[in-house]
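Residue numbers (numbering that gives the first Met the number 0), protein chains in the order written: chain P, 0 to 414; chain H, 0 to 161. We put the beta carbon where it would ideally sit given N, CA and C, even for glycine. These notes are about the structure you will find just below.
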Amino acid sequence: MATDPHLFTDRQPETSEDDSERDLHTAHQVLNMGPSHPATHGTVKFLIELDGETIVGLDIQVGYLHRGFEKECESGTWYQAIPYTDRLNYNSAILANIGYCMAVEKLLQIETPVRCQWLRTLAGELSRIADHLTRCGAACLELAAMTPFLYGIEARELTWDLLESLCGARVTSNYVRIGGVKHDMPPDVPGVARESVAKIRGLLRDFDDVITSNRIFVDRLKGTGVISREDCLRYAVTGPILRSTGEPLDVRKTEPYLVYDEIDFDVPIGEVGDNYDRYLVCVEEMHQSLRIVEQCLAHLEKLGPGPVNVLDPRVRWPAKGRVFNRMEELIQQFKSVTEGPRVPAGEGYFAIESANGELGFYLVSDGSAVPYKVRCRPPSFINVAPIPGMLKGSLLADLIPTFDFVNMIGGECDR
Amino acid sequence: MDDCGSPVLRRLLEALPDAVEETHARLGDATARVGRSRIVEVLQLLRDDPELEFEMLTDLTAVDYLGEEPRFEVVYHLYSVAKNHRVRIKARVAEDAPEIESAVALWPSANWMEREVWDLYGIHFRNHPDLRRILLYEQFDGHPLRKDYPKEKRQPLVGPRN
């Protein structure tokens, strides 16, 4: 565009030769971004050292959402920690429920009934879809594309409606129990779920049409936030970030838990490990999760009604009818509620594939009804650590999509 | 010392028999407790040995066994992508000298996790490049995950308006 000559009347005439020889004084600028910034979803602070618009140094300060998850868990019963795990990654609460409960089950050495395992898988995959939809939708929003965000949120509503009919809550679901799940699914769930799966597929198609080959979106994602496979491994980065570099590591495949070894699904991988590959990996993972949901529904219908909780008096509360009429069950109910289950002394680590990567729980029990140590291996926290290296030398604007696709969730990162 | 049927522990005992103090494989988790002064040597072997190839330091945390001597235990969880196996390495750290060599030189993932252990347990990691608090703020007094830190304890608010 041609400049209006009248606009800059005060401007000095074009520099002479000796002026252009003179070295301009420049200094690095330190920019504070966050803790309350629309693009930090949650609270995290970036201290960015800038040379013009280029990032030369980056310090990420986390911890604003620290609320003493481990300390709280160490003061209640094993059961009382489950609602806290909901609040780790609040986009996919059920996955954290599953991880924690399966770690406790490992210490107790109990095996849950088949129907419970399929229900957990179903609920977990719905959560994974919700998490990926939030990640991709919010990323579009922060890159100034409102429409795909709305498609994503509409699809997320469908998954949350399903979770609501499954367990009565939309976000912090508190669905999984030690040795089972809260209750079986209502009879109308498979029908509604099939309709929702079809609708979500349609919305994902719309999402794809509107954004995947959008020039602005592609330009801002391709070649930004690049990380190599080796760096991912050195930084213990897992999940879609690692898979976007071409490493097909997925705990559901390498160490199958629940019923993942009976399910047919693929692990999508990327090539170069940039934000665009991460986006494509997440979108394909949603399609794979929809496939898993369909298989779970079919299998649950084939299985027919059955127990969803393990018949182990250590963790299972007795049936209400018996509690009201029999002395032993009344005593057992009283002890289960006031004391909670006792877990044999020992230590165990159990990992599941959450939406962000390997979510592990390292539990130590001293044999009492109160956990001695509950360590959550938070993928969000560990995946954030390499960001300064991923962004060194790139433009300030690249920080937004990179941070979006790393998908740090404050509740899980800061615990 | 028993290798508990784990090929990882067998290789570790073969290469550094005097560093290992205790092994077990309860619940299927191969575990070795090693001497505190040998920790980097052990971790380096686990990372570089072609039979072991632990490329990832998946998790690093600590446990406070208040009343036992030595009081703290630093726990490392390693995972090998190439071999698809895991191992847990532990080292005891005494209360009067709560420090251990840092693993940042081996895996940069140790950086933030060691900062977290320093923050919450007060275990010092020697030769860590940047050992600052990470989840709590600089003015915080004490290390809250120690068992003798009361859960109800309140700390003064800090910030520009306090």
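- Pairing P/V103 with P/H27, the inter-Cα distance amounts to about 51 Å.
- At least one CB atom of chain H sits nearer than 8 Å to the CB of P/Y361.
- Proximity to H/A102 across H/L12, H/R35, H/G27 and H/E13 peaks at H/R35, based on C-alpha coordinates.
- The beta-carbon separation of H/L26 and P/K105, rounded to 6 Å, stays under the 8 Å limit for a contact.
- The stretch 145-154 of chain P makes contact with the stretch 194-209 of chain P: 3 or more CB pairs, one atom from each, lie closer than 8 Å.
- Around the C-beta of H/Q154, fewer than 16 other C-beta atoms lie within 10 Å, and the residue is accordingly described as exposed.
- Taken residue by residue, none of the stretch 393-409 of chain P has a beta-carbon sitting less than 8 Å from a beta-carbon on chain H.
- Around H/L144, the same chain offers L119 and Y120 as residues with beta carbons nearer than 6 Å, after the five sequence neighbours per side are excluded.
- Only buried fits H/K89, as 16 or more other CB atoms lie within 10 angstroms of its CB.
- For P/Q28, the uninterrupted beta strand (DSSP E) run begins and ends at Q28 to M32, by DSSP.
- With contacts defined as CB atoms closer than 8 Å, H/L59 and H/E100 fail to qualify as a contacting pair.
- Listed along the chain, the chain H residues whose CB falls inside 8 Å of the CB of P/H65 are L134 and L135.
- Residue P/I226 holds the alpha-carbon nearest to the alpha-carbon of P/L390 among P/R313, P/D249, P/I226 and P/L289.
- In this structure, the straight-line span from the alpha carbon of P/L142 to that of P/A396 is close to 10 Å.
- Around the beta carbon of H/V74, 16 or more other beta carbons lie within 10 angstroms, which makes this residue buried.
- Cβ-Cβ separation between P/V180 and P/G356: approximately 24 Å, too far for a contact (criterion under 8 Å).
- Around the beta carbon of P/A354, 16 or more other beta carbons lie within 10 angstroms, which makes this residue buried.
- In the three-state reduction of the DSSP assignment, P/C375 falls in the strand class, which pools E and B.
- Using a CB distance cut-off of 8 Å, H/S101 does not count as an interface residue toward chain P.
- Rounded to the nearest angstrom, the gap between the Cα atoms of P/E110 and P/H286 is 30 Å.
- Here P/P247 has V266 and I268 as same chain residues with Cβ atoms under 7 Å from its own Cβ, once five neighbours each way along the sequence are excluded.
- Contact between P/I351 and P/G98 holds: CB atoms are separated by about 5 Å, below the 8 Å threshold.
- 8 Å or more divides the Cβ of P/P343 from the Cβ of P/L220.
- As far as DSSP is concerned, P/I152 takes part in no beta bridge.
- Counting C-beta atoms within 10 angstroms of its own C-beta, P/D276 has 16 or more neighbours from the protein chains shown and is therefore classed as buried.
- P/N324 counts as exposed, since fewer than 16 other beta carbons sit within 10 angstroms of its beta carbon.
- Residues of the stretch 217-241 of chain P whose Cβ lies closer than 7 Å to any Cβ of chain H, in chain order: L232, R233, Y234 and A235.
- With a cutoff of 8 Å on beta-carbon distance, P/G339 and P/Y78 are scored as near each other.
- When beta bridges are read from the DSSP output, P/F360 appears opposite P/F349 and P/C375.
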